[in-house]
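Student: Please see the structure below; I have some questions.
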Amino acid sequence: MYIVMLGKPGSGKGTVGKMLSDLLRITHISSGELFRSYIKRAGETGKKIEKYVNEGKLVPDNLAIELVEKRLLEQDCSNGVILDGFPRTVKQAEELNEFLKSNKCKIDIAVELELSDEDIIDRIVKRRVCSNVDCREVYNLEFRKPKQEGICDVCGSKLTQREDDKIETVVQRLKTYHETSEKLVEYYKKQELLYSVKLNIHSGKTSEDVAIEVKKYLSK
Ligand code: ADP
Ligand code: ZN
Numbered sequence: 018m019y020i021v022m023l024g025k026p027g028s029g030k031g032t033v034g035k036m037l038s039d040l041l042r043i044t045h046i047s048s049g050e051l052f053r054s055y056i057k058r059a060g061e062t063g064k065k066i067e068k069y070v071n072e073g074k075l076v077p078d079n080l081a082i083e084l085v086e087k088r089l090l091e092q093d094c095s096n097g098v099i100l101d102g103f104p105r106t107v108k109q110a111e112e113l114n115e116f117l118k119s120n121k122c123k124i125d126i127a128v129e130l131e132l133s134d135e136d137i138i139d140r141i142v143k144r145r146v147c148s149n150v151d152c153r154e155v156y157n158l159e160f161r162k163p164k165q166e167g168i169c170d171v172c173g174s175k176l177t178q179r180e181d182d183k184i185e186t187v188v189q190r191l192k193t194y195h196e197t198s199e200k201l202v203e204y205y206k207k208q209e210l211l212y213s214v215k216l217n218i219h220s221g222k223t224s225e226d227v228a229i230e231v232k233k234y235l236s237k
């Protein structure tokens with residue numbers, strides 16, 4: 018099964034994607050995490066992508082496609098994956114389709130999490146992530162508080178704020194979303210693959226609720 022997660026930065030697609038990956042027992046791939054891991058390793062590729070990520074701009078299509086496709090060829094992806102953050106442009110979506118087709122696979126569903134820009138900004142500035150690269154659990158100072166302030170529930174490491182979760186970068190990432198990635202909603206709608214979930218920060222719907230809802234929909 019191949020699932021694409023769509024939505025603005027900070028819409029919760031990462032958290033929902035991870036939960037779905039547990040529920041469905043398929044691998045979760047976050048392109049943002051993948052790119053940040055290259056940056057950490059500080060090799061040639063990392064240097065190439067660092068400035069885009071830190072400025073909240075998209076990594077060029079060719080490079081993004083190359084790195085994600087390489088990841089998709091790894092063993093743990095043979096039963097399908099949940100793709101979170103990729104595709105982000107129509108070009109990436111088309112390339113992904115071609116890639117899957119040549120491996121005799123296809124996208125089963127594109128899940129969109131809808132949230133207003135105001136809610137997004139509110140959420141991202143409250144977002145904290147575990148500093149342990151092998152854990153990377155995501156928290157929110159309001160909705161998903163760690164049990165102990167500043168400490169990861171899962172592994173006990175310190176929580177940090179992502180370099181690109183500062184307000185200026187968030188505004189840039191939202192701009193990029195509206196200019197480019199929003200078109201993907203239409204793209205998957207046309208192919209009758211779109212499943213949208215409307216959210217707002219006061220609705221009380223948790224990421225877990227959304228993941229369960231999507232799983233139910235898929236089993237119908
Ligand atoms: P968010 O969805 O919260 O913005 P991600 O972790 O998905 O965060 O992405 C972080 C950054 O990584 C993006 O701002 C962009 O620079 C880069 N990136 C991630 N996925 C892609 C992609 N598919 N194409 C180009 N750049 C990407
Ligand atoms: Zn942790």
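Number 225 in the working numbering belongs to position 208 of the sequence shown; there are no gaps in the numbering. Every residue, glycine too, gets a C-beta built ideally from N, C-alpha and C.
#1: Where does Cys152 fall in DSSP's three states?
#2: May I ask which residues mark the beginning and end of the beta strand (DSSP E) holding Val101?
#3: With 16 as the cutoff for other CB atoms within 10 Å, does Ile184 come out buried or exposed?
#4: Where Ser220 and Tyr234 are concerned, what is the direct C-alpha to C-alpha distance, given to the nearest angstrom?
#5: Locate the alpha helix (DSSP H) running through Gly63, then write down its first and last residues.
#6: So, at 8 Å on beta carbons, what are the nonlocal neighbours of Ser47 in its own chain, with the 5 sequence-adjacent residues on each side left out?
#7: Can you name the residues that DSSP bridges to Tyr204?
#8: With DSSP as the reference, please indicate the residues paired to Thr223 in a beta bridge.
#9: Provide the residue span of the alpha helix (DSSP H) that contains Val107, from first to last.
#10: Start and end of the beta strand (DSSP E) containing Glu180?
#11: Measuring only the C-alpha atoms, how far is Leu89 from Ser95?
#12: So which residues put a beta carbon under 6 Å from any heavy atom of the ligand ZN, going in chain order?
#13: Check whether the Cβ of Asp139 lies closer than 7 Å to any heavy atom of the ligand ADP, and answer yes or no.
#14: Taking DSSP as the reference, what is the three-state secondary structure of Gly24?
#15: Going by the C-beta, is Asp136 closer than 7 Å to any heavy atom of the ligand ADP?
#16: If we ignore side chains and look at the alpha-carbon of each, how far apart do Met36 and Arg179 end up?
#17: Spatial neighbours of Ser54 within its chain, please: C-beta separation below 6 Å, excluding the five flanking residues on both sides.
#18: Whole angstroms is fine: what's the gap from Gly27's alpha carbon to Lys118's?
Tutor: According to the data block:
#1: coil
#2: The residue you asked about is not Val; residue 101 is Asp in the sequence shown. Where Asp101 is concerned, the enclosing beta strand (DSSP E) stretches over 98-101.
#3: exposed
#4: 20 Å
#5: 61-72
#6: Gly31, Gly34, Asp101, Gly102
#7: According to DSSP, Tyr204 bridges with nothing at all.
#8: Thr223 is not bridged to any residue.
#9: 107-119
#10: Here Glu180 belongs to no beta strand (DSSP E), and DSSP marks it neither H nor E.
#11: 8 Å
#12: Cys147, Asn149, Cys152, Glu154, Cys169, Val171, Cys172, Ser174
#13: no
#14: strand
#15: no
#16: 21 Å
#17: none
#18: 30 Å
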